[in-house]
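Heads up: the structure comes next, in structure tokens.
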Amino acid sequence: MASQENEYLPSSHFLQQTMQTGSPAWPQLPPIQGYREADFSTPVHSRKSWLGQMQPPLSSLLTPLAQRQPSPPPQAPPTATTSQLSSLNPTTPLIVDLLAVQNVAQDFQLSETQTDMLKTFVKLGSAGQGLSKPDLLTRLFHLALTIHYENQRPKDDHSDVQTLRGIIKDLKIRLENTFSLTSDQMKNVRALAFDKIYDPLRTCYMAINADIFDYLKIHAEELHFSNVFGNPVYEQVLERAIRKTCSSVRNGFRQHLRISKS
1 MASQENEYLP
11 SSHFLQQTMQ
21 TGSPAWPQLP
31 PIQGYREADF
41 STPVHSRKSW
51 LGQMQPPLSS
61 LLTPLAQRQP
71 SPPPQAPPTA
81 TTSQLSSLNP
91 TTPLIVDLLA
101 VQNVAQDFQL
111 SETQTDMLKT
121 FVKLGSAGQG
131 LSKPDLLTRL
141 FHLALTIHYE
151 NQRPKDDHSD
161 VQTLRGIIKD
171 LKIRLENTFS
181 LTSDQMKNVR
191 ALAFDKIYDP
201 LRTCYMAINA
211 DIFDYLKIHA
221 EELHFSNVFG
231 NPVYEQVLER
241 AIRKTCSSVR
251 NGFRQHLRIS
261 KS
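Residues in the sequence shown are numbered consecutively from 1, following the UniProt record's numbering.
Dropping the structure here:
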């Protein structure tokens with residue numbers, strides 16, 4: 001059994017031949033780039049570290065992030081917008097003088113922010129080839145006039161609202177003096193008066209008007225009296241109408257009693 005195992009084990013002579021470089025059993029490998037054969041023959045402690053010969057050195061890669069110099073950001077290619085903005089430099093000759101822009105702003109009573117807007121408009125019109133002077137002046141006048149109208153609109157709207165409020169208040173006073181119940185409201189009052197006075201359980205007939213007023217106040221939405229309650233003047237008009245209707249209904253009820261006895 002031992003002899004059979006030794007047949008599969010290589011002999012020491014075969015290992016010495018195979019360990020020799022250039023032998024058929026151990027082919028010659030190409031040398032590693034950056035290393036010399038002498039590097040492997042020298043002791044380990046005397047070899048030069050190949051880490052220090054790296055480009056860049058490994059020590060720079062191990063530097064903390066806080067101590068590294070930030071790399072400059074990539075430059076974006078110039079665009080049409082950047083080229084237009086770069087043309088708006090202080091040395092660009094203006095077609096219209098800024099003093100004229102200031103005078104136009106004062107004539108239209110513009111604010112400082114709006115005046116700066118006009119100056120920027122003139123600078124844009126002067127960039128590049130620029131507009132003609134009559135064209136730029138016309139556009140400048142149109143822009144200033146538009147801003148002036150926008151400034152005047154809130155004042156006009158406020159004055160119109162105040163005028164409208166005054167008119168509504170005047171109409172309200174006039175309606176209070178001329179207010180009257182509609183025909184449908186008067187019919188509802190009379191129908192309630194008949195229901196109350198012909199109630200078989202009723203014994204007091206002089207307080208019918210108070211009962212009708214309270215009933216109408218509770219059912220104001222159903223009987224279309226919502227425009228009356230909440231205004232003292234309108235409520236007084238309703239009370240007078242109820243008293244007059246109840247007096248008429250009581251007279252008719254008294255007449256019916258007299259006729260029934262006779």
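Each residue gets a CB set at the ideal place from its N, CA and C atoms; glycine is no exception.
For the region 147 to 217, the full-length alpha helix (DSSP H) segments reaching 4 residues or more read 183 to 197 along the chain.
Beyond the five residues adjoining it in sequence on each side, Asp211 comes within less than 8 Å, by CB distance, of Lys196 in the same chain, given in chain order. Note on geometry: alpha-carbon atoms of Gly128 and Thr92 lie some 9 Å from one another. For Pro232, the uninterrupted alpha helix (DSSP H) segment begins and ends at Pro232 to Lys261.
The three-state reading of DSSP puts Gly130 in coil, since its state is none of H, G, I, E or B. The Cβ-Cβ distance between Leu136 and Val104 does not fall below 8 Å. About 6 Å separates the beta carbon of Leu143 from that of Phe121, a gap short enough to meet the 8 Å contact definition.
Here Asn209 has Ile242, Arg243 and Cys246 as same chain residues with Cβ atoms under 6 Å from its own Cβ, once five neighbours each way along the sequence are excluded. A Cβ-Cβ distance of about 11 Å is found for the pair Gly125 and Leu118, leaving them out of contact under the 8 Å criterion. When secondary structure is reduced to three states using DSSP, Asp107 falls in the helix class. Burial of Val228 is indicated by the presence of at least 16 other C-beta atoms within 10 angstroms of its C-beta.
Excluding its 5 nearest sequence neighbours in each direction, Ser226 has C-beta neighbours in its own chain below 8 Å: Ala220, listed in chain order. Excluding five sequence positions before and after Asp184, the CB atoms of its chain that fall closer than 7 Å to its own CB belong to His224, given in chain order. The distance from the Cβ of Val249 to that of Phe194 is about 6 Å, consistent with a contact at the 8 Å cut-off.
When the Cα atoms are used, Ile218 and Gly252 turn out to be separated by approximately 27 Å. With fewer than 16 neighbouring CB atoms inside 10 Å of its own CB, Ile167 falls in the exposed class. Inter-residue distance for Glu235 and Leu257 is about 33 Å (C-alpha atoms, whole angstroms). One thing to note: Ile147 has its Cβ no nearer than 8 Å to the Cβ of Leu98.
By a beta-carbon distance limit of 8 Å, Leu181 contacts Leu238. Their separation comes to about 7 Å.
One Cα belongs to Phe108, the other to Ala100, and the distance between them is close to 13 Å. C-alpha of Tyr149 to C-alpha of Leu216: approximately 53 Å in a straight line.
The three-state secondary structure of His224, taken from DSSP, is coil. Rounded to the nearest whole angstrom, the CA to CA distance from Pro134 to Ser159 is 37 Å.
Under the three-state reduction of DSSP output, His219 falls in the coil class, being neither helix nor strand. Take the alpha-carbon of Thr138 and the one of Gln102: they are about 15 Å apart.
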